[in-house]
Amino acid sequence: MTIQRGRHFLQTPGPTNIPDRILNAMHRPAIDFASPEFHDLAIACFEDIKAVFQTKSDVFIYTASGHGAWEAALVNILSSGDRVLMPETGRFSLVWRNMTETLGIEVIETPNDWRSAIDPADVTRVLSEDKDHKIKAVLVVHTETATGVTSNIPSIRKAIDDAGHPALLVVDAIASLMTVELPMDKCGVDVVIAASQKGLMLPPGLSFTAVSAKALEVSEKNVMPREYWSWKSRLNSEPYRRFCGTAPEHLIFGLREALDMIKEEGMDAVFARHARIAEAVRKAVGVWVSEGPMEFNALVPEQRANSITCIRMPADTYANDIRTVCRDTFNVSLGGGLATLMGKTFRIGHMGDLNEPMIIGALGGIEATLQVLNVPHGKGGVMAAVDYLADTTTR
Numbered sequence: 002m003t004i005q006r007g008r009h010f011l012q013t014p015g016p017t018n019i020p021d022r023i024l025n026a027m028h029r030p031a032i033d034f035a036s037p038e039f040h041d042l043a044i045a046c047f048e049d050i051k052a053v054f055q056t057k058s059d060v061f062i063y064t065a066s067g068h069g070a071w072e073a074a075l076v077n078i079l080s081s082g083d084r085v086l087m088p089e090t091g092r093f094s095l096v097w098r099n100m101t102e103t104l105g106i107e108v109i110e111t112p113n114d115w116r117s118a119i120d121p122a123d124v125t126r127v128l129s130e131d132k133d134h135k136i137k138a139v140l141v142v143h144t145e146t147a148t149g150v151t152s153n154i155p156s157i158r159k160a161i162d163d164a165g166h167p168a169l170l171v172v173d174a175i176a177s178l179m180t181v182e183l184p185m186d187k188c189g190v191d192v193v194i195a196a197s198q199k200g201l202m203l204p205p206g207l208s209f210t211a212v213s214a215k216a217l218e219v220s221e222k223n224v225m226p227r228e229y230w231s232w233k234s235r236l237n238s239e240p241y242r243r244f245c246g247t248a249p250e251h252l253i254f255g256l257r258e259a260l261d262m263i264k265e266e267g268m269d270a271v272f273a274r275h276a277r278i279a280e281a282v283r284k285a286v287g288v289w290v291s292e293g294p295m296e297f298n299a300l301v302p303e304q305r306a307n308s309i310t311c312i313r314m315p316a317d318t319y320a321n322d323i324r325t326v327c328r329d330t331f332n333v334s335l336g337g338g339l340a341t342l343m344g345k346t347f348r349i350g351h352m353g354d355l356n357e358p359m360i361i362g363a364l365g366g367i368e369a370t371l372q373v374l375n376v377p378h379g380k381g382g383v384m385a386a387v388d389y390l391a392d393t394t395t396r
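In structure tokens, the structure reads:
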């Protein structure tokens, strides 16, 4: 076993780096979750997290992964036999579709090459053909973690409106929250789904559904059986009911610190930092792919995510070796390919608690790995990232 010193570079698309401030906030004894101390803390979190979703509506917190929030959204606004439109984006729209169908809900899927964003014209076309308004919701993955592609939510909202259709708009923002603007109320989104372990800088274990008044009204009339996921049962000031059981105290301690850190930095500054670091990654990758077999998975530059960059390789070469050498030799962890992209891609996560030296170090480990493995690539990717960051620094 090789002993590695120094800080590990966690550049997976989740979990992401957890700041020391959040770790320290969680490093404390358990307390009585029925006490005034925890009650006040929890209620403040429920209120303050609304700003993260840019909404005035309720945000429900679950002790669950993002998959739990998927199911919560489904069972609160839909019943078996209902129909939804789910544009394909990649592995995570596929898994969400499978969950939806398991619940007895019919899914209409528009196909995608896993390299492009959702085409709003497809949404308008399908909804315009639905004269009886049998489609109850449009389910959209904002940033597809498996592909590194981000779709345009305002254009999808407009596509629904252009069709004159009453379907709810439900957005999976698990890989996009706090990395790119998604003002829920302004964009007319009815449900936003998120999780703790990405842009929020927390450990895995919490997930969220931010819910518009329209979606909440639909849920009150919905006949789908649910209890743990029920929004109605959680609309209670008693913390026990808010969490439908024992509160995940230490994750809430961490959430409180994360919300404070986001407020201190400022939402606009958080978005700008993610955009800048993501562009630095793209500058490096742009050099690497200029020679040899590598290429951006996302074909359209404007659709490349600010949270994750997916790099495509020839079918049976390099991708897994790059991840192994990067991790074991240079102490940099990357994401691998998923589903049909397994063995064909590797993914660089760049979201959450991240700054310029961290991303330069990670890119250095990747470029060194390419050289060790003799992967054909353009030289000087790290320098391109450094040049970009230096040129865009505000003094």
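In my numbering, the protein residues as written are 2 to 396. Ideal placement from N, C-alpha and C gives every residue a C-beta, glycine not left out. For clarity, every value in this text was computed on a predicted model and none was experimentally measured.
query: Out of Ala211, Thr90, Ser129, Phe10, which has the shortest C-alpha to C-alpha gap to Phe54?
result: Ala211
query: What residue ranges within the region 345–379 form continuous beta strand (DSSP E) runs of no fewer than 3 residues, ordered along the chain?
result: 346–350
query: Which residue's Cα is closest to the Cα of Ser220: Ile361, Asp191, Leu207?
result: Asp191
- prompt: What did DSSP end up calling Val224 once you bin it into helix, strand or coil?
  reply: coil
- prompt: Taking contact to mean at least 3 C-beta pairs separated by less than 8 Å, is the region 113–120 in contact with the region 69–86?
  reply: no
message: I need the DSSP call for Cys327, collapsed to helix, strand or coil.
response: helix
query: Assuming Gln198 and Gly7 make a contact with CB atoms under 8 Å, what is their CB distance in whole Å?
result: Not a contact, Cβ separation roughly 23 Å.
message: Which of the three DSSP states is assigned to Arg8 in this structure?
response: coil
- prompt: Do the CB positions of Thr3 and Leu11 come within less than 9 Å of each other?
  reply: no
message: With H, G and I counted as helix, E and B as strand and the rest as coil, what does DSSP make of Leu170?
response: strand
query: Leaving out the 5 sequence neighbours to the left and right, which residues in its chain are closer than 8 Å to Trp232 when beta-carbon positions are compared?
result: Asp59, Phe61, Ala73, Asn77, Thr210, Val212, Leu217, Ser220
task: Determine the contact status of Leu201 and Leu170, defining contact as a CB-CB distance below 9 Å.
output: no
Phe244 - partner residues in DSSP beta bridges: Per DSSP, none; premise fails for Phe244.
- request: Could you name the residues of the same chain whose beta carbon sits closer than 6 Å to that of Val290, not counting the 5 residues immediately before and after it, in chain order?
  value: Glu296
task: Can you tell me which of Leu364, Val127, Glu89, Met314 puts its alpha carbon nearest to the alpha carbon of Val376?
output: Met314
task: Hey, could you find the ends of the alpha helix (DSSP H) Ser334 is sitting in?
output: Segment 333–337 is the beta strand (DSSP E) holding Ser334; no alpha helix (DSSP H) there.
message: In the DSSP output, what is Val150 paired with across the bridge?
response: Glu145, Arg305
- request: State the start and end residues of the unbroken beta strand (DSSP E) segment that holds Tyr63.
  value: 59–64
- prompt: To which residues does DSSP link Cys311 through a beta bridge?
  reply: Arg348
- prompt: Using the C-alpha atoms, what's the distance from Gln5 back to Leu140?
  reply: 43 Å
query: So, using beta-carbon positions, are Arg305 and Ala45 closer together than 9 Å?
result: no
- prompt: To the nearest angstrom, how far is it from the Cα of Thr346 to the Cα of Asp329?
  reply: 18 Å
query: For Leu342, which option in Met27, Arg92, Asp49 has the closest C-alpha, if you only look at C-alpha atoms?
result: Arg92
query: Between Ala369 and the rest of its own chain, which residues show a CB-CB distance below 7 Å, the 5 nearest in sequence each way excluded?
result: Phe331
query: Applying the criterion that 16 or more other CB atoms from any shown protein chain within 10 Å of the CB defines a buried residue, is Ile119 buried or exposed?
result: buried
field: Per-residue DSSP class, three states only, for Glu421
entry: Any question about residue 421 goes unanswered here, given that the chain covers just 2 to 396.
field: From Asp322, Pro358, Ala122, Ala52, residue whose alpha carbon lies closest to that of Asp186
entry: Ala52
message: Using 9 Å as the threshold, is the C-beta distance between His68 and Met27 below it?
response: no
- request: Indicate the three-state DSSP secondary structure (helix, strand or coil) for Glu107 in the structure shown.
  value: strand
message: Pop quiz: His143 and Ser156 are said to be a contact at Cβ under 8 Å. What is the actual Cβ separation, rounded to whole angstroms?
response: Not quite, the Cβ-Cβ distance comes to about 12 Å (not below 8 Å), so this is no contact.
query: In terms of DSSP beta bridges, what is Val139 paired with?
result: Leu86, Leu170
message: Since Pro20 and Asp354 should fall inside the 8 Å C-beta cutoff, what is the C-beta to C-beta distance between them, to a whole number of angstroms?
response: 5 Å
field: Straight-line gap, Trp230 to Leu75 (C-alpha atoms, nearest Å)
entry: 9 Å
task: Going by DSSP, name the residue or residues bridged to Ser291.
output: DSSP, once it has assigned bridges, lists no residue as partnering Ser291.
- request: To the nearest angstrom, report how far apart Leu95 and Val108 are at their CA atoms.
  value: 11 Å
message: Let's see if you can read the secondary structure: which residues bound the beta strand (DSSP E) around Phe209?
response: 207–212
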